[in-house]
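K.L.:
Take this structure first; my questions come after.
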Amino acid sequence: MKKINLKKKHLLFTATAGILLIAAACNSTANPYGQSTNSNPYTQNTQPQPGQSTPAPQTNLVVPSTPPAPTPKPVTPAPTPTPTPAPTPAPKTASVTIMNYGFTPQHLTVKVGTKVTWTNRDNVEHTVTGDNGGPASSPISQGQSYSYTFNQIGVVAYHCSIHPEMVADVTVTN
Ligand SMILES: [Cu+2]
């Protein structure tokens with residue numbers, strides 16, 4: 030019994046030693062180029078030869094396999110355009126003063142659609158009467174006014190029907 034046990038142990042030891050040897054052999058031949066290119070790797074790596082420049086430490090060599098995900102741009106909501114209110118057309122108006130038996134200004138130029146207001150400053154009545162259509166007021170007493178809107182392009186001559194020498198005109202342009 031004892032002898033068999035010893036023999037078994039011996040066999041086990043021999044087998045283990047053989048495996049270790051094979052493993053060691055494999056290790057030594059794993060890199061066949063290592064010995065020829067670097068005969069003494071320890072001294073060469075730690076002690077640079079004189080005249081040999083120390084290789085600069087290479088940094089930033091790690092290249093990420095995937096590019097970093099782009100940071101999502103913050104979505105800025107498009108500013109709501111403030112609705113521009115349609116400019117209210119300035120009321121086109123003009124004034125003519127009737128004074129001293131005359132119209133001032135005697136020659137007036139306005140844009141089409143302009144409302145012209147005549148105001149009598151004389152202490153006598155006057156009219157605004159178009160020569161060929163246009164304004165046609167009744168007698169305007171002192172301090173009163175008459176208005177007419179010119180909606181057609183052209184020259185409108187007018188006078189005072191009470192005092193025909195009082196003449197003037199309005200030029201209506203586009
Ligand atoms: Cu008059």
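Under my numbering, the residue at position 144 of the sequence shown is numbered 173, and the numbers go up by one with no gaps. Idealized CB from N, CA, C, for every residue including glycine. Remember, predicted model here, so these are calculated numbers, not experimental data.
Report the residue from K140, I127, T146 whose alpha carbon sits nearest the alpha carbon of H192.
P.N.:
Nearest of K140, I127, T146 to H192, Cα basis: I127.
K.L.:
Which residues in the same chain have their Cβ closer than 7 Å to the Cβ of A165, if we skip the five residues on either side of it in sequence?
P.N.:
Closer than 7 Å at the Cβ level, and outside the excluded window around A165, lie T158, G159.
K.L.:
Beta carbon of V125, beta carbon of P114: below 8 Å?
P.N.:
No; because the gap between Cβ atoms is not below 8 Å, this pair is not in contact.
K.L.:
Do the CB positions of F185 and V199 come within less than 8 Å of each other?
P.N.:
Residue identity check: residue 185 is Val in the sequence provided, not Phe. Yes.
K.L.:
Taking the beta carbon of Y175 as the centre, do at least 16 other beta carbons fall within 10 Å, making it buried, or is it exposed?
P.N.:
By the neighbour-count rule (16 or more Cβ atoms within 10 Å), Y175 is buried.
K.L.:
When we look at the beta-carbon of I182 and count the other beta-carbons within 10 Å, is it buried (16 or more) or exposed?
P.N.:
Classification for I182: exposed.
K.L.:
Does N152 pass the burial test, meaning 16 or more other C-beta atoms within 10 Å, or should it be called exposed?
P.N.:
When all chains shown are included, N152 counts as exposed.
K.L.:
Nearest-angstrom Cα distance between T148 and L137?
P.N.:
Rounded to whole angstroms, T148 to L137 spans 15 Å at the Cα level.
K.L.:
Say whether chain B places a C-beta atom closer than 8 Å to the C-beta of G159.
P.N.:
Going by chain labels, chain B is absent from the structure shown, which holds only one protein chain.
K.L.:
Could you tell me the boundaries of the beta strand (DSSP E) in which S124 lies?
P.N.:
Looking at the DSSP string, the run of the beta strand (DSSP E) that includes S124 is 122-127.
K.L.:
Check each residue's C-beta against every heavy atom of ligand 1 and list, in chain order, those closer than 6 Å.
P.N.:
The set, ordered by position in the chain, is H155, C189, I191, H192, M195.
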